[in-house]
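Residue numbers (UniProt numbering): 1 to 66.
The structure is reproduced here in structure tokens:
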């Protein structure tokens, strides 16, 4: 009897702890890949350069993929 109660409690805990998929969440959250010469931001907010290098001046708002 004690085992049955513990088993039921364990199953309830697993059911509660299971993450729920948000239907409104975007499916693809990977940033875009930018070609050489494209405008980019050093923080990757516009996407990531194919080469992995965004040349951006300290005072500039954007840079250029190298």
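Glycine included, each C-beta is placed from N, C-alpha and C at the ideal position. It should be emphasised that the depicted structure is a prediction, and the values quoted were computed from it without experimental measurement.
Compute the beta-carbon to beta-carbon distance between residue i and residue j, rounded to the nearest angstrom, for a pair I have assumed lies under 8 Å.
i, j, result
"residue 66", "residue 36", "7 Å"
"residue 54", "residue 41", "7 Å"
Using the rule of at least 16 other Cβ atoms within 10 Å of the residue's Cβ for burial, across every protein chain shown, is residue i buried or exposed?
i, result
"residue 11", "exposed"
"residue 34", "buried"
Let me make sure I understand the geometry here. Which of the options has the alpha-carbon closest to that of residue i?
i, options, result
"residue 47", "16, 63, 57, 1", "63"
"residue 52", "59, 58, 44", "44"
Who are the near neighbours of residue i in its chain, counting only those whose CB is closer than 7 Å to its CB and skipping five residues on each side?
i, result
"residue 8", "none"
Between residue i and the rest of its own chain, which residues show a CB-CB distance below 8 Å, the 5 nearest in sequence each way excluded?
i, result
"residue 32", "46, 47, 48"
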